[in-house]
Each structure stands twice: as C-alpha cells, then as structure tokens.
Amino acid sequence: MEKHATLDTKGLMCPMPIVNLAKKVKEMKSGQILELIADDVGAKEDVPAWCSRTGNTLLSVEEEGKILRFYIKLK
Amino acid sequence: MAEKFCMVVSEGSFDKAMMPLMMGTTAASMGMEVHVFYTFFGLKLLKKNAKPKLPGIMRFFTGMMVGKMKKLNIPSIDEMMKQAKELGVKFYACSTSMSMMGIKESELIDGAKVLGASAFLNMAFDSKLTLFIG
Numbered sequence: 007m008e009k010h011a012t013l014d015t016k017g018l019m020c021p022m023p024i025v026n027l028a029k030k031v032k033e034m035k036s037g038q039i040l041e042l043i044a045d046d047v048g049a050k051e052d053v054p055a056w057c058s059r060t061g062n063t064l065l066s067v068e069e070e071g072k073i074l075r076f077y078i079k080l081k
Numbered sequence: 002m003a004e005k006f007c008m009v010v011s012e013g014s015f016d017k018a019m020m021p022l023m024m025g026t027t028a029a030s031m032g033m034e035v036h037v038f039y040t041f042f043g044l045k046l047l048k049k050n051a052k053p054k055l056p057g058i059m060r061f062f063t064g065m066m067v068g069k070m071k072k073l074n075i076p077s078i079d080e081m082m083k084q085a086k087e088l089g090v091k092f093y094a095c096s097t098s099m100s101m102m103g104i105k106e107s108e109l110i111d112g113a114k115v116l117g118a119s120a121f122l123n124m125a126f127d128s129k130l131t132l133f134i135g
C-alpha cells in the first residue's frame with residue numbers, strides 16, 4: 007500500500023505504541039498515510055480505538071504472525 | 002476544545018503510580034485533556050524522586066518487578082512521568098493531604114499544583130470521564 011511514513015513499534019507494549027503514534031502524527035501532514043507496525047497484542051483493538059477517537063481513518067490492517075501493520079490516513 | 006478526563010489517585014504503591022501514568026499518556030495521545038489529582042497516600046507519588054513499592058508483603062519484590070519491566074521494554078515510572086508531562090498531563094496535589102502527610106510544596110515534582118477538593122470537583126464536573134485509582 008502507498009505510504010508516506012512508517013513507524014515501527016515492535017517490542018513496545020501498551021501504551022507506548024499509541025503514545026509514539028500520536029507523536030509521529032504531529033510531524034506529518036493531513037491526508038498522508040502512515041504505516042504503523044506493532045507486535046503488542048493490545049494494538050489490534052487499541053489502534054482502531056485511537057483512530058475512531060481522533061478522527062483519523064484506518065484504511066487497512068495486515069496480520070502476519072504476531073506482526074500487525076496498520077495503514078492510517080491522517081485527517 | 003478537548004474533552005476532559007480526570008483521575009483521582011488515593012494509594013501510593015507502585016501499581017497505583019503506573020496506572021494513572023499509563024492511562025494519562027494514552028488519553029493525552031487520544032487528544033484528551035488529562036487531569037490527575039493525588040490525595041491521601043497517593044500524594045507520596047507526587048514527591049520528587051518517589052520510589053514506590055508494590056503493595057503489602059509484595060513490597061519485597063519491587064526490584065524484581067522493576068527488572069522484569071525493563072526486560073520487557075516497559076518504561077519506568079520516571080520515564081512515564083516525563084512522557085506524561087511532555088503530553089501535557091496536569092498533576093494536582095490535595096492540600097489537606099499535604100498537611101496530613103507532612104509534605105511541603107517544595108517536595109513535589111515540578112509543575113504540580115496544589116488544590117482543594119472543590120477546585121478538583123469543578124474540573125471533574127466538566128469532564129467526560131472520571132476514574133478513581135485507589
């Protein structure tokens with residue numbers, strides 16, 4: 007998928023993937039797509055919750071083993 | 002304006018130190034305005050260089066927990082506090098608890114504000130979510 011930046015949070019546990027995600031988004035522009043990589047099991051529910059709360063769009067989620075890849079379109 | 006989220010922390014153990022910081026950093030990352038009020042034994046957590054221990058008999062195993070968290074790459078209390086401050090989480094000390102616990106304002110972490118119950122309740126009334134950690 008097309009993306010403008012990647013944030014790799016492998017090895018980090020809740021709440022750090024979300025805290026780092028929020029920081030990363032601040033550096034990016036509206037309409038850009040961020041790829042977020044996580045292996046925290048909680049991320050599967052946390053990232054969609056963060057997106058719906060903050061008004062960003064979760065385009066898709068890919069799962070390969072323990073690795074989750076989220077594609078988020080910024081508002 | 003951002004929606005408000007208030008927490009009250011009434012216990013001073015290691016777990017009660019971590020929980021509001023984890024919830025607070027997450028909520029701030031979700032765009033909420035976060036206010037944490039420390040009262041009774043919770044106030045000890047707002048002291049500079051606070052080194053809380055696990056509750057009860059578990060206190061002897063605090064070092065093991067700290068070591069395990071480090072191994073798992075979980076930030077320490079000090080690191081979480083730093084993150085929370087960077088994200089704009091606000092910290093408050095209960096004025097009556099300060100007298101009860103014999104804690105002076107100069108002993109509190111930088112940025113902590115001293116409040117009474119009515120000032121905190123005023124914030125809680127306007128908040129979307131309030132949690133009690135104790």
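Residue numbers (the working numbering), protein chains in the order written: chain E, 7 to 81; chain B, 2 to 135. The beta carbon of each residue, even a glycine, is placed where N, CA and C say it ideally should be.
The three-state reading of DSSP puts Asp79(B) in helix, counting H, G and I together. Against chain E, the beta carbon of Pro76(B) has neighbours under 8 Å at Met22, listed in chain order. Between Ile24(E) and Asp45(E), the C-beta spacing is not below 9 Å. Per DSSP, reduced to three states, the secondary structure at Lys52(B) is coil, with no helix or strand assignment. In the structure shown, Cys57(E) falls within a helical segment according to DSSP collapsed to helix, strand and coil.
Between Leu109(B) and Lys49(B) a beta carbon distance of about 7 Å is seen, short of the 8 Å cut, so the two are scored as contacting. For Thr60(E), the closest Cβ of chain B is nearer than 9 Å. Judged by beta-carbon spacing, Gly43(B) lies beyond the 9 Å limit of Ile104(B), meaning their Cβ atoms are not closer than that value. His36(B) is a Cβ neighbour of Val90(B), given a cutoff of 9 Å. Against chain B, the CB of Gly17(E) has a partner CB under 9 Å away; the residue lies at that interface. Residue-level contact check: Ala44(E) does not touch chain B, since none of the beta carbons of chain B fall below 9 Å from its beta carbon. Contact of Leu27(E) with chain B by beta-carbon distance below 8 Å involves Ser30.
Where Glu33(E) is concerned, the enclosing alpha helix (DSSP H) starts and stops at 22-33.
Within the model, the alpha-carbon separation for Leu40(E) versus Tyr77(E) is close to 6 Å. Taking 3 residues as the shortest admissible run, the stretch 81-111 of chain B contains the following complete beta strand (DSSP E) segments, listed from N- to C-terminal end: 91-95. Residue-level contact check: Met23(B) touches chain E, since one or more beta carbons of chain E fall below 9 Å from its beta carbon.
Under DSSP, Thr131(B) shares a beta bridge with Cys7(B). According to DSSP, Leu13(E) shares a beta bridge with Leu42(E). Shortest Cα-Cα distance from Glu34(B) to any of Ser100(B), Glu87(B), Ser77(B) involves Glu87(B). By the Cβ-count criterion, Leu46(B) is buried, with 16 or more other Cβ atoms from all chains shown falling within 10 Å of its own Cβ.
With the criterion set as a beta carbon lying under 7 Å from some beta carbon of chain E, the members of the stretch 47-77 of chain B are Leu73, Asn74, Ile75, Pro76, in sequence order.
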